[in-house]
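J.: Residue numbers (full-length UniProt numbering): 1 to 343. Ideal placement from N, C-alpha and C gives every residue a C-beta, glycine not left out.
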Amino acid sequence: MDDQTRMMTGLTGLGGLQQADVGDPDSVRKQQSLGQPQQDIGDILQQIMAITDESLDEAQARKHALNCHRMKPALFSVLCEIKEKTVLSIRGVQEEDPPDPQIMRLDNMLLAEGVSGPEKGGGSAAAAAAAAAAGGSPTDSSIEHSDYRAKLAQIRQIYHSELEKYEQACSEFTNHVMNLLREQSRTRPISPKEIERMVAIIHRKFSSIQMQLKQSTCEAVMILRSRFLDARRKRRNFNKQATEVLNEYFYSHLSNPYPSEEAKEELAKKCGITVSQVSNWFGNKRIRYKKNIGKFQEEANLYAVKTAVDAANVSAQASQANSPATPNSGGYPAPCYTPDGRL
DNA sequence: ACCTATGATTGCAC
DNA sequence: GTGCAATCATAGGT
């Protein structure tokens, strides 16, 4: 700014352009012979334009010459005035950027997945929860879990190193541009506001690159997750003995086929599966039985007989009288069977 | 290759 | 949190 005010005071010196020591003998000759201010300004402008076509050394020399020129302050102030006017029109275009919802979504997701934010918790916790829900043998889930964690850590590491690289590049580039503009502000009018705007533009550009990084990181996490979930979906049928144990419980508790937490734990232990798998099994069984009782009739009869026989054996062993097989008071409909086990 | 059975997941209601 | 209902995806049988 002080540059500009200084230049304004020099505006009165337009007349003294006769001796233009700008290093071009041709123009000097022309200026000297013509001696007209208008022509002089034209020449100087032409020289300024010609700088871009010259070698660096030549240009430096010419720049220095221009900087030392008596007319420089005057021209500078004129440029300042013009600039002031154009800045007004630019100001309308300039908009303060609101927080991008897209980038906020990505940030939230990366935070939730444990990619950004603190090292512990987040993703590993999510993986642990997922692994816990997965069921299956504990070894399997722990292998999947650690695999998932390792992959997530890899993504996390790449993300952070890339982000750091971008941030470094951004600050380096910003510094470079700012230095360049400061340097240039000696020869052309550049207000701090303009520098600020340029910095903002650079930051916007880099943040759009960052958004791409965030986007691709999110994609990678989603793919990893879906693979992990797919792995969980890979199921194996329970072994025959486990199914038998579960069916026995189900049909002997047909009036109320809702095992308690303790019962579930016991069944899980007996069958070599998790409690949640027991819950899943009962959930599936109840709904499928209810939907098509006819289809399960045979199975129901089979297990009813089995239970009855077992009970009879137990009671015989205990030298006791007959035992009730299935107390059925208003739960799921009991199968129709004769005491000897036939339909 | 197709069909059925079955374990797992998801969305919803309570 | 639990159970229901619908659905997905795979295992296993033909």
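#1: Does residue 294 pass the burial test, meaning 16 or more other C-beta atoms within 10 Å, or should it be called exposed?
#2: Using CA coordinates, which residue listed in 65, 114, 56, 41 is at the minimum distance from residue 78?
#3: My output table needs one value for residue 186: the three-state DSSP class, helix, strand or coil.
#4: Residues in the same chain with beta-carbon distance under 6 Å from residue 44, minus the five sequence neighbours each way, listed in chain order, please.
#5: Tell me which residue opens and which closes the alpha helix (DSSP H) that residue 298 is part of.
#6: Within 10 angstroms of its Cβ, does residue 243 collect 16 or more other Cβ (buried), or is it exposed?
#7: In this structure, does DSSP put residue 178 in helix, strand or coil?
#8: With distances taken from CA atoms, which of 308, 217, 288 is nearest residue 153?
#9: Rounding to the nearest angstrom, what Cα-Cα distance links residue 249 and residue 224 in this structure?
#10: Is the beta carbon of residue 205 less than 8 Å from the beta carbon of residue 103?
#11: Apply the 10 Å Cβ neighbour rule to residue 269 and answer buried if 16 or more other Cβ atoms are within range, or exposed otherwise.
#12: Among 201, 181, 202, which residue has its Cα nearest to the Cα of residue 344?
#13: Look up residue 53 in the DSSP assignment and say whether it is helix, strand or coil.
#14: Any idea what DSSP makes of residue 71, helix, strand or coil?
#15: Here's a check: name, in chain order, each residue in its chain whose Cβ is nearer than 8 Å to the Cβ of residue 155, leaving out the five neighbours to either side.
#16: Are the beta-carbon atoms belonging to residue 177 and residue 209 less than 8 Å from one another?
#17: Along the alpha helix (DSSP H) that carries residue 239, what are the first and last residues, could you check?
#18: Within 10 Å of its beta-carbon, does residue 346 have 16 or more other beta-carbons around it, so buried, or fewer, so exposed?
#19: Quick one: give me the first and last residue of the alpha helix (DSSP H) that residue 254 is part of.
#20: Does any heavy atom of the ligand SAM sit closer than 7 Å to the C-beta of residue 195?
#21: Throw me the rounded Cβ distance for the residue 258 and residue 303 pair, which I believe falls under 8 Å.
#22: Do you know offhand how far residue 168's Cα is from residue 47's?
#23: By a C-beta neighbour count over all protein chains shown, 10 Å radius and 16 as the cutoff for buried, is residue 150 buried or exposed?
#24: Taking the alpha carbon of residue 63 as the reference point, which residue from 160, 108, 184, 166 has its own alpha carbon closest?
#25: Please classify residue 44: does DSSP put it in a helix, a strand, or coil?
#26: Within a Cβ cutoff of 7 Å, which residues of the same chain sit near residue 173, ignoring the five residues on either side of it in sequence?
#27: Keeping to the same chain, check which residues put their C-beta closer than 6 Å to that of residue 284; ignore five residues upstream and five downstream.
#28: Pull up the distance between the alpha-carbon of residue 50 and that of residue 187, whole angstroms please.
#29: Contact check, residue 264 vs residue 278 under 8 Å by CB: the rounded distance?
#30: Excluding five sequence neighbours on each side, which residues of the same chain lie with their C-beta closer than 8 Å to the C-beta of residue 110?
#31: Quick one: measure Cβ to Cβ for residue 247 and residue 298, integer angstroms, because I've assumed they're closer than 8 Å.
#32: Indicate the three-state DSSP secondary structure (helix, strand or coil) for residue 249 in the structure shown.
T.: Per the coordinate set shown:
#1: exposed
#2: 41
#3: coil
#4: none
#5: 293-317
#6: exposed
#7: helix
#8: 217
#9: 39 Å
#10: no
#11: exposed
#12: Since the first residue shown for the chain is 1 and the last is 343, residue 344 is missing from the structure and cannot be characterised.
#13: helix
#14: coil
#15: 115, 217, 220, 221, 224
#16: no
#17: Per DSSP, residue 239 belongs to no alpha helix (DSSP H) and is neither H nor E.
#18: What the structure shows of the chain is the stretch from 1 to 343, and residue 346 is not part of that stretch, so it cannot be assessed.
#19: Here residue 254 belongs to no alpha helix (DSSP H), and DSSP marks it neither H nor E.
#20: Among the ligands in the structure shown, none appear at all, so the ligand SAM cannot be discussed.
#21: Their Cβ separation, rounded to whole angstroms, is 17 Å, which puts residue 258 and residue 303 out of contact at 8 Å.
#22: 38 Å
#23: exposed
#24: 184
#25: helix
#26: 202
#27: none
#28: 15 Å
#29: 5 Å
#30: 116, 117, 159, 214, 217, 218, 221
#31: That belief does not hold up - the Cβ atoms of residue 247 and residue 298 are roughly 12 Å apart, past 8 Å.
#32: helix
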